[in-house]
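Only one structure is covered here, and it is reproduced in the block below.
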Amino acid sequence: MSSMVDNNDFKKTIGDILLLYELSLAIGRSLDLKANCAGFLKAVMARKNLAFAAVWIKNKYLPGVESEKGASLVYAHPDYRIRETTLSLNHPLFRSLRSKNFISLSSSDIGYKKVITEKRIRTGTFALFSLDNIGVLKLFSSTRQERFGKKELSQLARVISQFTVSLKGCFAYQKSRWEIADRHRAEEKLRQERDFSRSLLQASPTFFVAISAEGQTLMMNEMMLKTLGYTRGEVLGTNYLKTFVTKPDRERIALVFKRMAKLHKPSTDDNPVLTKDGRERLLEWHNMPMFKKNGEFDFFFGIGIDITERRRMEEELIKAGKLESLGIMAGGIAHDFNNILTGILGNISLARMEMDPKEIVIDRLREAEKATLRAKNLTQQLLTFSRGGTPVKKNTLITEFLPEVIDFALSGSNVTCKLVIPNNLWLVAADIGQISQVIDNLIINAIQAMPEGGTITVEAVNVTAGDSVHIPLKKGKYVKLSVSDHGIGIKEEHLTKVFDPFFTTKQKGSGLGLTSAYSILKNHDGVITVDSQLYQGTTFSVYLPASPGVIRKKGKVKKREFIPRTGKILIIDDEEVVRDVAGRFVKHIGYQPELAGGGKEGIALYETALKKGCPYDAVILDLTMPGGMGGKEAAKQIHARDRGAKIVASSGYSNDPIMSNFKKFGFDGALAKPYQITELSEVLEKVIGGKKFTK
Amino acid sequence: MYLTCAARVKFRRIKMYLADPNADSIIKAIGPEGIPSESLLLILLAEKSRAEIPGLIRELNKNQINFCGGIFPGVIHGDKHYDEGAVLVVLPALENPFLIRGLDTHKFVLPDFGRKIKRSPRRKSTAIILVDAWTPCISLFLSEIYNQLGDSFRYFGGGAGSLKFKSKPCIFTTDGQFRNAALVIFTTLKSTLGVRHGWERLTGPIVANDTRNHIISELNWARALDVYRDSVESHSGKKITAKNFPQVSMEYPFGIYKEGNEDVVRDPIAVNKKGELICVGEVPENTALYVLHGEKETLLEAAGQAARDCMKRKRKEITCCLVADCVSRSLFLGDEFHEELEIVRNVLQPCIPHGILSIGEIASHGEAYLEFFNKTIVVGVFHG
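Line by line, the protein sequences are chains L and D. Mapping to my numbering: the first sequence position 110 is 110, numbers consecutive. Mapping to my numbering: the second sequence position 353 is 1353, numbers consecutive.
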């Protein structure tokens, strides 16, 4: 009997060992948590005939769980019974194992119902095992009514402790996988950001460059490479200062870099960079020092904006501003000069009229008059330059004024002129004064190019644009006038600049003559070109559109005379010398002058005359009377009182739009200062018509 | 023989066994009214009548009869078993039967039964499971079923297929015939099950230290055949060869320890060239096995006990009795197999048992775990 018992015990022990052997080998067959649990627990359930198994783990041991409080159900079989998936650590399931490794509760035990966290469990027995304080293993048998035996629990506890180790391995594996996945995600994000940044850098119209602490070029974006004319291979590793910075700026830029690295501060700077072919581009640099995580300086990063064109435009604007200021000043001077010349010319004319023609001094007066007229031309040039000047065009033959202009320009020089003019030269519609100014400038330049003397050739010819003429002109007929010298010539690099304002190679030159010529030709819808060979000579060619019109036949030049008349003329001018001369002229013609020093005074006189019933026959009104009522306003006021008033506009600004189109502005005539008595008489004759002076 | 099905639905007299199970005979057996609504016709077909299947499926579909079934080595009717013909069972169904395919890999997908079964099951209703016995993932399949449904159902069923060890289409529904598949039929009937085999430990334990699903490569760290041969030859008095292996091994199955119950039998039915033993159903690695042996008396005693186990309910409540008896028991008992069926019938009378000679048996083992058994008799008494 006892041997049978022993035999049975032996068999039982063998059975237990083999069961534990099978269960031990079922542990840790996968690093996946669920597969690991399934492999072990399904074997336990099959051998122990269990209805349910579950693994609860405290959240603080679970990788990837947000809340560290409480515990989560990480495995259960069958899923069918799952009710709770999270529990507080104060739950009886955990409290029951606080001081124990394992415990068994049957349905007759008090704590049995409290540990039920599943569906459809009423009677049966639980075996609960602590998983090394990281969680709880729960086994349930629906067929047992008695608790699991201590020996059985002990046996299972041994393998379950190994199972716990395998769970920790699963957690570590899972954590490392997540960390790897996180790292991959971060790397991918970084790569995307880097690719994006790289794309931005490369696609940006701004310059980007990175320079090492040693001054080597680490990176240069596509825009900068392209603008400077380099390939990436050519720039990487080069000494930045030596390759890209102009020599005068190297030391300064080097200091800027040093200061940035030392003070950890960005800097802004404008400095040129050198292109591969040696040209310069001006850049506005925004530089920053970049540092490693440990605070050590890493490299310089520069963002550059190409301001070459912007700076050029700024300079152009400044020049244009200067030019405009100069123009305004020139216009002002010209205006004042014209007033003064009115006085000079007027008094000379009066003196000539009052003297005996046989008097020797008459010649002197005649020369003085000529000089005054030349001075008038000069102020005309100034005005043309200052405002561009709308040309007052007339159909004319260049040959009519060309010889005089040439003679005048050549006078006093050791240069002669050869004039080549065909008989069938076309007419041009031109402002004679302005074109004369152009020719005068060209002749003077030619003279200055031949300080030892020589011959200037002036040639005129008919041309048609688009045929043999390859210059930027609209299709049509033109008269080409060339002025050629065989002087020192113009350097090739200067040829594109000769028409720029203030450009001059002369020591004493304003640099405005050719600029003015260019402007005049442009206003005539023509063009001026230059062709030059160094040390061989220069030819300037002027193209003027041919005019289909006819020229009034020149018969006898009608000598301007004044026609004696009678009547009252009101002269309104703020310049006393002009009032005086004009008054004398008017009187000499036969009219009775009355003088007013400003608009208000003039209007008052006009009103008085109207009231008295003896209005003025005409008014000579200065357009520019600074400080008081202007000429336009005065004219308006006079017309308001007398619609039939005859008003002649007078101005030192001969290119004032009113002067060229007086009728449009409500005037009856225009008189450009300085004027001679004959001009005054003609204008008054046209305006008043009328009463002859009878002695 | 007629059986009265006292189901809660309308009951009608239906002939349970048909010797010639063609479409006409089945339709005639059902009668002009057909089967009740929310019912299912379960056709358990003996292998020799396999040829009838295509015509059956076609004609039964034409007649809009809701059916499904399996092909088995034999069928049981009362105390007799047949290798041709069919047993018909009308069952009140919770839902149309579920066909699960692809059981030859671990990637098969179970339907979400909880959502699909629209009618609420009564407590301890029964799920009848028929599975291709030669598919490799039976244990995993049953584990997944249990995972979803737990012990909310009682389980009864068996392995279908041919004894020729070849996988053939052995599961059929209104959609056709299938292999590597299983049928799960949820019936409203409750059941009480008896699961016994009567095989007793001869030698052991032996550790199956190297296995692959249903193939044992090594026993006790040696070639499986060699260890098995050493364990069995002396008792059997026969020299085991590859050729006579099935005949010898039929008497010497393995038993897997299961606490509180008889060992779960694993039947080695063949040996391959590597000396690996091929079993019906998976053998978990590192399992301790015992070599079992049975005698007629122990088997018959087990069969009677199985029937007694499920007769706890009062007889007037019994709707029908189904039996899944392992075909290897019939082979082992030979001409005396009918005694087993007689014992079962006698215990169950007046209820006449019907069922299958199966290749492996499926049942809830007690209240718990769903197992795949070999060389076992499962008796199920169904209540309305």
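Don't be surprised by glycine CBs; every beta carbon is placed ideally from N, CA and C.
For PRO1350 (chain D), no Cβ of chain L is located within less than 9 angstroms of the residue's own Cβ. Here SER1358 (chain D) really is in contact with CYS1326 (chain D); their C-beta atoms are around 6 angstroms apart, less than 8 angstroms.
CA-CA distance, GLY1198 (chain D) to ARG1266 (chain D), rounds to 13 angstroms. Ranking L:ASP440, L:CYS37, L:ASP363 by CA distance to the CA of SER411 (chain L) puts L:ASP440 first. Taking the Cβ atoms as the reference, ALA1127 (chain D) lies roughly 19 angstroms from VAL1087 (chain D), outside the contact range of under 8 angstroms.
Excluding sequence positions up to five before and after ARG1179 (chain D), its CB lies within less than 7 angstroms of the CB of ASP1132, SER1167, LYS1168, PRO1169, CYS1170, all in the same chain and listed in chain order. Within its own chain, the residues whose Cβ lies closer than 6 angstroms to the Cβ of GLU68 (chain L), once the five positions on either side in sequence are excluded, are ASN59, LYS60, listed in chain order.
Residue contact check for ALA186 (chain L) against chain D: no CB pair falls below 9 angstroms. Close to GLU22 (chain L), with beta-carbon spacing below 7 angstroms, are these residues of chain D in chain order: ASN1286, THR1287, ALA1288. Under the 10 Å beta carbon count, PRO1284 (chain D) is surrounded by 16 or more other beta carbons and is classified as buried.
Judged by pairs of C-beta atoms under 8 angstroms, the stretch 271-281 of chain L does not touch the stretch 292-303 of chain L, as fewer than three such pairs exist.
In the three-state reduction of the DSSP assignment, LEU1040 (chain D) falls in the strand class.
Under the DSSP assignment, TRP285 (chain L) falls in the beta strand (DSSP E) whose first and last residues are 280-291. In the three-state reduction of the DSSP assignment, MET220 (chain L) falls in the strand class.
Nearest to GLY487 (chain L) by alpha-carbon distance, out of L:ASP668, L:VAL415, L:SER681, is L:VAL415. Per DSSP, the unbroken alpha helix (DSSP H) holding CYS170 (chain L) starts and ends at 150-203.
The way I'd put it, the stretch 541-550 of chain L doesn't touch the stretch 448-456 of chain L; fewer than three beta-carbon pairs between them come closer than 8 angstroms. Shown here for ARG177 (chain L): not one same chain residue has a beta carbon closer than 8 angstroms to its own, the five before and five after excluded.
Scanning chain L for C-beta atoms nearer than 7 angstroms to the C-beta of ASN1147 (chain D) yields HIS77, PRO78, ASP79, TYR80, reported in chain order. Shown in chain order are the members of the stretch 1184-1207 of chain D whose Cβ falls below 8 angstroms from a Cβ of chain L: PRO1205, VAL1207. Annotated as proximal: PHE1254 (chain D) and CYS1279 (chain D), with beta-carbon spacing under 9 angstroms. Less than 9 angstroms separates the beta-carbon of ILE658 (chain L) from that of LYS632 (chain L). ILE253 (chain L) and HIS264 (chain L) have their C-alpha atoms spaced approximately 16 angstroms apart.
Under the three-pair Cβ rule at 8 angstroms, the stretch 1336-1353 of chain D does not count as touching the stretch 1151-1164 of chain D.
Rounded to the nearest whole angstrom, the CA to CA distance from LEU419 (chain L) to THR396 (chain L) is 18 angstroms.
Between ALA1182 (chain D) and LEU1099 (chain D), the CB-CB gap stays under 9 angstroms. PRO1205, VAL1207: these are the residues of the stretch 1203-1236 of chain D whose beta carbon lies less than 8 angstroms from some beta carbon of chain L, given in chain order. Of all residues in the stretch 1254-1276 of chain D, the ones placed with a Cβ closer than 7 angstroms to any Cβ belonging to chain L are TYR1257, LYS1258, GLU1259, GLY1260, ASN1261, in chain order. Rounded to whole angstroms, the separation of the alpha carbons of THR117 (chain L) and SER141 (chain L) is 15 angstroms.
In the three-state DSSP reduction, ALA51 (chain L) falls in the coil class, being neither helix nor strand.
Assignment of PRO92 (chain L) by DSSP, reduced to helix, strand and coil, places it in the helix class. Less than 9 angstroms separates the beta-carbon of LYS475 (chain L) from that of THR464 (chain L).
In the three-state reduction of the DSSP assignment, ASN423 (chain L) falls in the coil class. Contact with chain D is found for GLY15 (chain L), since one of that chain's Cβ atoms lies less than 9 angstroms from the residue's Cβ. For SER141 (chain L), no alpha helix (DSSP H) run applies; the uninterrupted beta strand (DSSP E) run containing it begins and ends at 135-141, by DSSP.
Within the stretch 1070-1138 of chain D, the beta strand (DSSP E) runs of at least 3 residues that lie entirely inside it are, in chain order, 1074-1077, 1080-1082, 1086-1092, 1098-1100, 1125-1132.
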